[in-house]
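Notes follow the structure.
In this note's numbering, the protein residues as written are 60 to 390.
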């Protein structure tokens, strides 16, 4: 299982269920871990699922999967799907890839996002993907928005990269004063911002490849900032260097901090100390970094535990200092 676990009340009984993408099957589990249903895709899944009410507006959750989808292991392949949360049946299948177009290879997807892009009161689906061709030929990177009710394409835009690198998971947030509604944030080597209708608003080139994005009002001024983690800095192997950036209005870089190791996961933002301002946690291959007031906690991640905490640096553009680095070693 390489994608995140999704959590929600799938059957309307008031308790939470879990959805995981494992192997070639989307699986729903009860809160105690017992199997509820499984829906085979016919292809391996390397992303997570998103839960949202996209089809009927009745409050019932659907399971959104953004990955090549076929029951025959051959073309045509559907690139996205919405499943009934209660039983796993297919509500709709997204656009097809028939193998006869210029898109020569399967489209590899990241975990998608859901939000109301067309103002119909229902969630729509956004996913990023790239053409997984031979490494010697250019790759096309895209972000695609689909209608939540039907799976039809609302718009698709290129991400301006031809490298064999996965784009980051998309994020939906209202970060622009010049565009109504939600904006779509995603990218490969730069953060790209699109309006709800697919208009290109801005892009912010960064050093390295995007690991993930998060959005929050970090300094309490009422405006949202975008936090981006990266990996693969120039001159270093892609797993041995990274950076965390804070972007303000229009994608302007407010501040940045180099990381010793790559950060391929999206940052997590939460108010850990209850002071009304959020902290930012960025994980990397060997460290977990916290932007906050104090080294408030220790953490256990898989087979690793913190062994030290030390002061590192301050973000000059924000009132939140970066106060400790936790080093991870095998436990």
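Ideal Cβ positions, reconstructed from N, Cα and C, are used throughout, including at glycine.
Tell whether a beta-carbon distance below 7 Å holds between residue 71 and residue 86. Taking the first residue of the chain shown as 1, we reach residue 71 at position 12. Taking the first residue of the chain shown as 1, we reach residue 86 at position 27. The Cβ-Cβ distance between residue 71 and residue 86 does not fall below 7 Å.
Assigned secondary structure, residue 75 (DSSP; H/G/I helix, E/B strand, else coil): As a first step, residue 75 is located in the chain shown; it is residue number 16 there, counting from the start. Reduced to three states, the DSSP call for residue 75 is coil.
Just mark residue 114 as buried or exposed, buried being the case when its beta carbon has 16 or more other beta carbons within 10 Å. Indexing the chain shown from 1 puts residue 114 at position 55. Buried: at least 16 other Cβ atoms inside 10 Å.
Assess contact between the region 218-227 and the region 136-152, defined as three or more Cβ pairs (one per stretch) separated by less than 8 Å. Is contact present? They do not touch, by the three-pair rule.
Helix, strand or coil for residue 217? Go by DSSP, reduced to three states. Working through the chain shown from its first residue, we reach residue 217 at position 158. Here residue 217 sits in strand by DSSP.
Is the separation between the beta-carbon of residue 314 and that of residue 303 shorter than 7 Å? Translated into the one-based positions of the chain shown, residue 314 becomes position 255. Translated into the one-based positions of the chain shown, residue 303 becomes position 244. Cβ distance not < 7 Å, so residue 314 and residue 303 don't count as in contact.
By Cβ distance, which residues of its chain are closer than 8 Å to residue 182, with the 5 residues on each side in sequence left out? Taking the first residue of the chain shown as 1, we reach residue 182 at position 123. These residues qualify, in order along the chain: 111, 112, 113, 173, 174, 175, 207.
Please classify residue 91: does DSSP put it in a helix, a strand, or coil? By 1-based counting over the chain shown, the position of residue 91 is 32. Looking at residue 91 - three-state DSSP - the assignment turns out to be coil, as it is neither helix nor strand.
Counting C-beta neighbours from all protein chains within 10 Å, is the total for residue 109 16 or more, i.e. buried, or is it exposed? Counted from its first residue, the chain shown places residue 109 at position 50. Residue 109 is buried by the Cβ-count criterion.
Residue environment, residue 228, which counts as buried when at least 16 other CB atoms sit within 10 Å: Here the question's residue 228 lines up with position 169 in the chain shown. Around the C-beta of residue 228, 16 or more other C-beta atoms lie within 10 Å, and the residue is accordingly described as buried.
For chain C, find out if any of its Cβ atoms is closer than 7 Å to the Cβ of residue 289; answer yes or no. This model lacks chain C altogether; it includes just one protein chain.
Keeping to the same chain, check which residues put their C-beta closer than 6 Å to that of residue 187; ignore five residues upstream and five downstream. Position 128 of the chain shown, counted from the start, is the residue given in the question as residue 187. Only 169, 202, 226, 229, 245 meet the Cβ criterion.
Please report the distance separating the alpha-carbon of residue 279 from that of residue 308. Counting from one through the chain shown, the residue named residue 279 turns up at place 220. Counting from one through the chain shown, the residue named residue 308 turns up at place 249. Spanning the two alpha carbons is a distance of roughly 14 Å.
Going by DSSP in three states, residue 100 sits in which element: helix, strand or coil? Working through the chain shown from its first residue, we reach residue 100 at position 41. DSSP places residue 100 in coil when its eight states are reduced to three.
DSSP state of residue 308, grouped into three classes? Locating residue 308 in the chain shown gives position 249, counting from the first residue. Reduced to three states, the DSSP call for residue 308 is helix.
I'd like to check one pair, residue 270 with residue 324: are the Cβ atoms closer than 7 Å? Counting from one through the chain shown, the residue named residue 324 turns up at place 265. Counting from one through the chain shown, the residue named residue 270 turns up at place 211. A contact, by the Cβ cut-off of 7 Å.
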